[in-house]
Structures are given as structure tokens and as C-alpha cells.
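Quick notes on the structure that follows.
Number of protein chains: 2
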Amino acid sequence: MTSAGADPTGILAAFAAGLAFDAIPAPVLRRAEDLMLDWFGSTLAGKGARPVESLVRFHTQMGPSDGPSEVLVHRTLSSPLAAAMANAAASHFAEQDDVHNGSVFHPATVVFPPALAVAQALGRSGAALLTAVVAGYDVGIRVGEFLGRSHYRTFHTTGTAGSIAAAAAVGRLLGLDAAQMRHAFGSAGTQAAGLWEFLRDAADSKQLHTAHAAGTGLTAAYLAADGFTGARHILDGPQGMAAGMSSDSDPSRLTDGLGTRWALAETSFKFHASCRHTHPAADALQRVMHAHRLAAGDIARVTARVHQSAIDVLGPVIDPQTVHQAKFSMGTVLGLIAVHGHAGLAEFDAHYRAAPVVAFRDKVRMQLDPEVDAAYPARWIGQVEVETVDGRRLSARVDEPKGDPGNTLSRPELEDKAVRLAAYGGGATEAEMRGVIAAIWSLADAPLVPRLLAP
Amino acid sequence: MTSAGADPTGILAAFAAGLAFDAIPAPVLRRAEDLMLDWFGSTLAGKGARPVESLVRFHTQMGPSDGPSEVLVHRTLSSPLAAAMANAAASHFAEQDDVHNGSVFHPATVVFPPALAVAQALGRSGAALLTAVVAGYDVGIRVGEFLGRSHYRTFHTTGTAGSIAAAAAVGRLLGLDAAQMRHAFGSAGTQAAGLWEFLRDAADSKQLHTAHAAGTGLTAAYLAADGFTGARHILDGPQGMAAGMSSDSDPSRLTDGLGTRWALAETSFKFHASCRHTHPAADALQRVMHAHRLAAGDIARVTARVHQSAIDVLGPVIDPQTVHQAKFSMGTVLGLIAVHGHAGLAEFDAHYRAAPVVAFRDKVRMQLDPEVDAAYPARWIGQVEVETVDGRRLSARVDEPKGDPGNTLSRPELEDKAVRLAAYGGGATEAEMRGVIAAIWSLADAPLVPRLLAP
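Chains as they are written, first to last, in our numbering: chain A, 1 to 455; chain B, 1001 to 1455.
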């Protein structure tokens, strides 16, 4: 069935079902808490955004008007399914949630919403929630790696691998055994979906994809607990996910270092408020401008030397018409960096179509770089060449962008980012956020996952 | 963007948005009523089936415990989303619902559940419901034809094209304009999913696929009514459905005969209680046995000459372990025909592993036939060669299986089938079904779509 010889899907499902809190190293647990806070801020940053509010409205109207699980942006309660979908819809909008480089997968937005909603519904402990989250990350990331670059060319891996990640996290909270977890994977994978086509039109599908992944994964796990069966080889079978949606899948990635390599700890925080594919070049541009004390007006031309996926995802965005689309415009991101020093949520809102930014944008081009491309997706190298108005040719390189595990954010930096994200959409005051931060930093000892905002 | 030159997605969306009741020929409306009754019976036949009850339980628990829309197998009420998903889960289980040959697509199970649930929720007329159903069928069938045979090799077209079909039907009931309908298609298509992998394990995913299609399509349409946008070229764009999930898509099929060719009227009713790929051979075997007055014991060997998709779908099922899997076993179906004269729900339940059926099953093989394969999927030709115990070589051919448009079921035959299906799972008594039948036959004149079973 697979080139890995053994049974990677079975091994992965057994890992997720059997993962014990005590087996997870303390630094991984601390990183899981970091990621939870980062996710929480990202969720509140989605409050008020039109597509987010559409989805939250729909799922809360179609679900019950009361229940055990928080809908964070509205501070209301509903069923775990409706809450998970609403929170997942909210948490990927600001493009400030985490990313795992090797899998090009955003784990938080598909793992935390179903895990939190179900932990609240079942009255689980903080330790159980953290364990489930580690299971979700480590499964989802490996599925993303397995599906490979060919998959990502057409499919939004966060949507597709996200269904399996959500199923793993919820399945762990439900206490599924290995066989049931495998059924949950089967039911999640056969619902996995998400196409990049929407980017060309700046359409709202990204929020739909994360909600869909959270909802289908949660559904799959609950069904498995009730005896509902799924395909045994949903990932690598002859009519499974890879057969249908990938041409370079690698089954060995599904079990790579299970239980010793903690993929969750490899996850990066976002520093710029844009598509991750723009970050390496943004960091490199900051470096060259800082080193040579350049202002935007000093620069005649920028060449970002990038990997192919950056061209695939960002290339179609020539003249962004919305803030969201601008986050996928390499020129706009570099323009905000050059003109305003930052590409944060506030800079995007205020300046993404301002004349100086647009003028800079049109000086930027992307070029495929063989070395950068070969390193990707394991490493996201940033390399820019700058031609100055006075004829100098300068360049800079960043081997690990800000927020990556080797260049990570400290807890004070994470707290600051979360407080700003919460304030951005009016989702929570700083005082409220201090309470949430304290709750998350002490989650491992909490006998019960608390409500975080709802009364 | 497409080889069809124009904008087939836009044309199809405009058709669905603009379809008027008065533009639909009376025979097409009558056929839509026929299909509704056939679907209704199939839904009740799912009552009590383990995977159906799992899904119904899940969606009714996650949804509100009251609402405007009927959950038919439980006679309860919930939100349109929960009811649509529950009813879609139920209606494809017995494998007695309709099929469109050319698209290898089962329209009823993904169109009627969301259409009925939303018509009840919005208080629409019977004419509005029938109009929406015609829109759903004609869109879904064309999307299935567009995605082609390569898609069907790995993907369950009823699950994938089904999302768009459901969006079209619900979008018509919501009164979406052409632009909104196109957004609904975009949101539905980017959630489209369903892989055949589950068949190898006789897993429960088929019920999940129809529920998923109904739910995602309904969601897409409601979101579009609320201003949520989707990809403009979700079907034929460079990162759309065909790009990701087909290698032989044909955009011209999306608009083929729109408004003059009514694809709904091309839909076939099922006569045998098995996968449609078994039906042509089953009819041909009945013919040859009848013509030569053969009993099962007279037959030494049967060769079913089939199209490639029959081998793809049925080939992996060698030794079926469940009734459901047996419906995908050519040998079992022909065995039931040979031994019991019928392959109905009751025959499957009682005899699918009985020794005489298993003995006959092992005499059956499938062989790819170039002429049968070339005619497929437009025509499903049945051709069998029989070798008798006494050494005769006989054969028979059926050009249009029972239930196809040219060999269709009469209203009395449809009523009889529906009453039997309703009785099968204890879903409704004959008296109750007579009331439902009367309601459906007079639907075109009903100012309000009535409740059909719930108190």
C-alpha cells in the first residue's frame, strides 16, 4: 500500500490515540501554551471582519442558541460544532496565526477551535486539552508534509490536512482508541477540501476553509466515538487523499520521528501581518535597509529571490483591491516595510493602497531562486537584491525569519502581540486579556478548561 | 480560462438564479415530482441503519432541538442545516435513490434534502421547491459531466458535484441573483469532497458524503445571500475543482443545452437495490435466464462485459462482509438475481452471504468490453455471456436498463416502490405514505410546502 512498507496511517492514528500528557516534554507543553495565546489573539482580531461575521452568524443561527462551548468573538455559547466552526472562521482572518514551514500548514486555526470547544463541552482538564493540541499539531503537520508541494500548488493544505488535525485533537479528547482514531481519520480525510482558486478574486474562502476543516474533523471524531467507520488507508490508499490530490506524496513523512520529534515545537509565529510567503523577503529587506540606512525613496528596484510556491500563491496578485488580497502581494508587503517600517494590521488597513506604497510595490519583482527553492519547505530563506536610485546594487539574506523556532518570540512579545490583536477588533480589553493570559499560562494545572470570555 | 471560450460558470450560475417555474415544461415538473417521491421513500429506507442513525444523532444533537425543518427518519424538527444533513445521510443508504447515467451522479440525495429543509424554513411554495430542484439537478448533473471520468475514478461525484447542486437548489429558494449564485458555487466547490477509498473497507463514508454535500451547498448559498464571496472560476479555473481533481474535464458540458435540455428528465430510477454499475448486467442476466428458462444451478460461469468504471468501483469487492458492501459486488448481485429472481432490499438482507448466492458469486467475472466502455457514461449497456453446466454458450444484451428514461417506472410502480421502502425501515405506514404521495402529486399547486411526517 505504501512505500514505507509498514502501515503509516495506523501508526499515526495509534500515536494520536495513545499520546499521554506525561510523555510530552515540558518545553513542548510551554510552546503549546504560547501557541494557544497566539491563536486566541488571532481569533479576536477577526471580530467584525465581514466574512468572519457572516460565518459566525450562520453557524450560530443554525446551531443551538445555548450550549457548553464559547463563540469567542460574540461571547455567546453554542454546541461544540457551531462554536468550533465560528472560532475557526475567525482565527485565520488577520493572517497573524502560526505556520509550520515544512508543511506550509497553519495548525492553530484548525486545531485550537475544535479542541477548546470540545474540552469545554466535555469538561476536560487543561492537561487533556494540551495533550489533544499536541496530537492535532503533530498529526496535521505530518499529513501536510506527506501531501507535499504538488498538493499545495492547488489545495489549501490548512483546509485539507486541517480536517485530519482537527479529528486527531478532538479524537484524543473523546478518548478514542487506535482503531476509532483511524476511523476518524478516514471520515475526516474523505471530507477534506480547500482550493486556492479564490485568491485570484480576493474571495472569502479562506475563512470557509478553516471553519470547514474544524467542523469536518470534529464531526469525524464524534462519529468514530459512536461506531461510525472510515477508510483505513485514507491518506495513502489507491483512492485516498494523496491519490486524488497529490503527485509527490511521501508516506515516510507520516511517521517521521513520532514521539521524539515534536512538530508542534517547529511551528513559527507570524511577525508580519501577511502571507507567510512574503516574510523571508520582508525580513531581508528590513535588514538591507537598516544596514545601509536606506529610505524608501532611495530604492529603484527590488528583486525578491523566492521559492516556487511563493510565485504560485503570490504571483496572481498584481493589483490588490482589498486589505486581505494585499497580504498576498509581495510588492505591497515590501512597500509597507520600506515606507512605514512595519507590515502590521494597522499599516495594512491605513496604507495598503496609499500612493507611496503602490509606487514601491511596482518596483518589486519576484524571481525563482534555485537555492531558496531547494531549501523550501524545510527552510524559508529570505534573499533580496536592491538597486538604489544612485546605482548601487545591495543584497541581504535571512536564514531564519523572525518568529521561526530559532528566532522565536518571547512570552512578553507574545503577550504584547495578543493584547494588540485583541484590541484591533475590539474583542477584549487589555485587562481581560491579562486574565486570559494568566489562564493560559496556568492551563497545565487547571482541573477544568475554563471559559475564557463568555459570561 | 476555458476551452468553451465564453464563461460557462457564469452562464450556469445565471441559469440557476434565473430559472422560472413557468419556463419548465410540464413533463419535467411531473418527473421532478416522481423523483421526489422516489427520494422520500429512499430516505425512510435509511431509518434504523447504523451509519444513518449515527449521523442523524450527531447533527440533531449539535443543532437546535426545535426549528422549522423536518428530520424525516425521526419526525423531529431542527434547523435547515441539521435537517438537510440528516436527511441526506439517510437517503443514499439503501442504494435505491436515483442516478443520472451520463454524470454518474445521484442527484436526489443531495438536492432534495437541502431544498425541502430550506423551503420549509422559508415558507416557500411547492412551485418554488420544484423550480429549485430542477435548478439543482440541472446544475449538478452538468458539473458531474464536466468533471468527467477521470474525476470519478478517485472521487465520489455525488459528494463533489453534489455540493454545487445543493448550492444551486438552495440559492434558487433564497432568490440569489446571478452574481450571488456564482459566489455560492465558489463557496460550495471549494468545500467539495468525497473519496472512493472507503469502499475497500466497506466503511460508512457514503452517508457522510451526501450529508457533507447537502450541508456545504446549503451553507454556501446562505453565505452568498449574506454577501460572502467565492471564487469566480471554481469549476474551470487554474486552481479550481477540475485543475485539482480531474484530468479530462470538458467545460462545454457545463452549459450544454441549458434551458432546452432538461437533465433532470434524463435521470434514472433504480430497480435493483445495488450499485448502479451492476444493473445493466443484472437486467441482461434476467433476460438470458428468462429466455432460456435457466435456473441458477444450470449455470457454470457468467462473464459480465462491462465499462471500466464498473471494474474500478466493483473490482475491489471480492468477498463482501456487509450488506452494504455486497451491493458493490457484481457476483453477489447476479447471484441474488439467479437464485432469488430479484436483488431487492429484502433479498440482500436475507441472502447476501447464503451459500447458494456465494457459490454463484464465485462463477461471475467482469471483463472490460470496448463497445460497452465507449458507450459509457452516455449509455449503460448490459451484456452477459453465460456458460451452462451442459456446455451451451448463451448471451444477452440490454441497451437501456429498467428505470432508465426510455424504460422508466410508472407512477403506480413508483408508489409501490416508495411504500415498500418506507415500510422497510418502519419509517411510515402505507396510510401515511398515501398522504405523502397525495401531497407530492399536488405539490405544484401548494401555496406552502407542507410538513410531510413531523407532527
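All residues carry an ideal CB built from backbone N, CA and C; glycine is no exception. On a predicted model such as this, the values are computed, not experimentally measured, just so you know.
Identity of the residue in the options nearest residue i by Cα
i          : options                                           : result
Asp1038(B) : Gly1297(B), Pro1412(B) and Gln1367(B)             : Pro1412(B)
Lys1363(B) : Gly1041(B), Ser1103(B), Gln1191(B) and Thr1332(B) : Thr1332(B)
Asp9(A)    : Ala423(A), Gln367(A), Gly189(A) and Leu208(A)     : With the sequence shown as reference, residue 9(A) is identified as Thr, and Asp is not the correct amino acid for it. Comparing Cα-Cα distances from Thr9(A) to each of Ala423(A), Gln367(A), Gly189(A) and Leu208(A), the minimum goes to Gly189(A).
Ala86(A)   : Val384(A), His209(A) and Val302(A)                : His209(A)
Asp177(A)  : Gln325(A), Ala17(A) and Ala326(A)                 : Ala17(A)
Phe1015(B) : Asp1007(B), Ser1103(B) and Gly1259(B)             : Gly1259(B)
Tyr1376(B) : Ser1246(B), Leu1336(B) and Val1104(B)             : Val1104(B)
Ile1299(B) : Val1073(B), Val1384(B) and Ala1082(B)             : Val1384(B)
Thr1229(B) : His290(A), Leu55(A) and Ser249(A)                 : Leu55(A)
Ser1246(B) : Gly1144(B), Arg1301(B) and His1340(B)             : Gly1144(B)
Asp248(A)  : Val386(A), Leu147(A), Lys417(A) and Pro356(A)     : Leu147(A)
Met1289(B) : Thr1388(B), Gly1237(B) and Cys1275(B)             : Thr1388(B)
Tyr137(A)  : Ala422(A), Arg276(A) and Ala263(A)                : Ala263(A)
His1277(B) : Val1386(B), Ala1132(B), Leu1334(B) and His1151(B) : Leu1334(B)
Ile1024(B) : Ala1128(B), Arg1293(B), Arg1057(B) and Thr1157(B) : Ala1128(B)
Sub-8 Å separation of residue i and residue j beta-carbons
i          : j          : result
Thr1076(B) : Ala1454(B) : yes
Ala161(A)  : Ser187(A)  : no
Ala456(A)  : Leu116(A)  : Because chain A in this structure spans residues 1 to 455, residue 456(A) falls outside the shown range and cannot be described.
Ala1231(B) : Gly1240(B) : yes
Phe328(A)  : Leu336(A)  : no
Leu1012(B) : Arg1153(B) : no
Leu1285(B) : Ala1135(B) : no
Val1449(B) : Gly1126(B) : yes
Leu1081(B) : Gly1215(B) : yes
Leu345(A)  : Ala45(A)   : yes
Pro1356(B) : Ala1296(B) : yes
Gly1102(B) : Ala1378(B) : yes
Spatial distance of residue i from residue j (CA atoms)
i          : j          : result
Ala1004(B) : Thr1255(B) : Summary for Ala1004(B): the model assigns pLDDT 44, below 50, so the residue's position carries little reliability; its value from the coordinates is reported in the next sentence. Approximately 9 Å, taken between the alpha carbons.
Gly1123(B) : Ala1032(B) : 20 Å
Ala1343(B) : Pro1320(B) : 15 Å
Leu1035(B) : Asp1098(B) : 7 Å
Leu452(A)  : Val436(A)  : 6 Å
Met330(A)  : Gly1244(B) : 25 Å
Pro1280(B) : Arg1287(B) : 11 Å
Trp21(A)   : Leu174(A)  : The question names Trp, yet the displayed sequence has Phe at residue 21(A). Between Phe21(A) and Leu174(A), the C-alpha separation is close to 15 Å.
Ala219(A)  : Asp226(A)  : Rather than Ala, the amino acid found at residue 219(A) in this sequence is Thr. Cα to Cα, the separation comes out at about 11 Å.
Ala88(A)   : Phe1198(B) : 27 Å
Val1372(B) : Ile1381(B) : 6 Å
Phe40(A)   : Ala221(A)  : 23 Å
Pro1107(B) : Val339(A)  : 55 Å
Leu1409(B) : Asp1283(B) : 15 Å
Gln325(A)  : Val317(A)  : 7 Å
Ala265(A)  : Ala1359(B) : 57 Å
Trp1441(B) : Arg1172(B) : 22 Å
Glu430(A)  : Ala422(A)  : 8 Å
Thr1002(B) : His1074(B) : Residue placement at Thr1002(B) cannot be trusted, given a pLDDT of 40 that sits under 50; the coordinates are not used to answer.
Thr157(A)  : Val1071(B) : 34 Å
Residue i CB to nearest heavy atom of the ligand NAD below 7 Å
i        : result
Arg50(A) : The ligand NAD is not part of this structure, which contains no ligands at all.
Where the beta strand (DSSP E) containing residue i begins and where it ends
i          : result
Glu1387(B) : Gly1382 to Thr1388
Arg1397(B) : Arg1393 to Val1398
Ile1299(B) : Ile1299 to Val1306
Thr1076(B) : Thr1076 to Ser1078
Ser1069(B) : Ser1069 to Val1071
Val1364(B) : Val1364 to Leu1368
Run of the alpha helix (DSSP H) containing residue i, from where it starts to where it stops
i          : result
Arg1434(B) : Glu1430 to Trp1441
Val1052(B) : Arg1050 to Met1062
Gln286(A)  : His279 to Ala291
Lys417(A)  : Arg411 to Tyr424
For the structure I just gave you, are there three or more beta carbon pairs, one from the region 171-186 of chain A and one from the region 1197-1209 of chain B, closer than 8 Å?
yes
Would you check if there are 3 or more beta carbon pairs closer than 8 Å linking the region 1191-1198 of chain B to the region 421-441 of chain A? no
query: Okay, do the region 1254-1272 of chain B and the region 1403-1422 of chain B touch, 3+ Cβ pairs below 8 Å being the bar?
result: yes
Three or more beta-carbon pairs under 8 Å between the region 159-171 of chain A and the region 103-120 of chain A, yes or no?
-> yes
* contact_flag[the region 1210-1218 of chain B, the region 1088-1096 of chain B] where n(CB pairs < 8 Å) is 3 or more -> yes
- prompt: Per the contact definition of three or more C-beta pairs closer than 8 Å, is the region 1335-1353 of chain B in contact with the region 1379-1398 of chain B?
  reply: no
With a cut-off of 8 Å, do at least 3 Cβ pairs link the region 308-324 of chain A to the region 360-380 of chain A?
-> yes
- Message: Pairs of beta-carbons, one from the region 61-68 of chain A and one from the region 1060-1078 of chain B, closer than 8 Å: are there three or more?
- Response: yes
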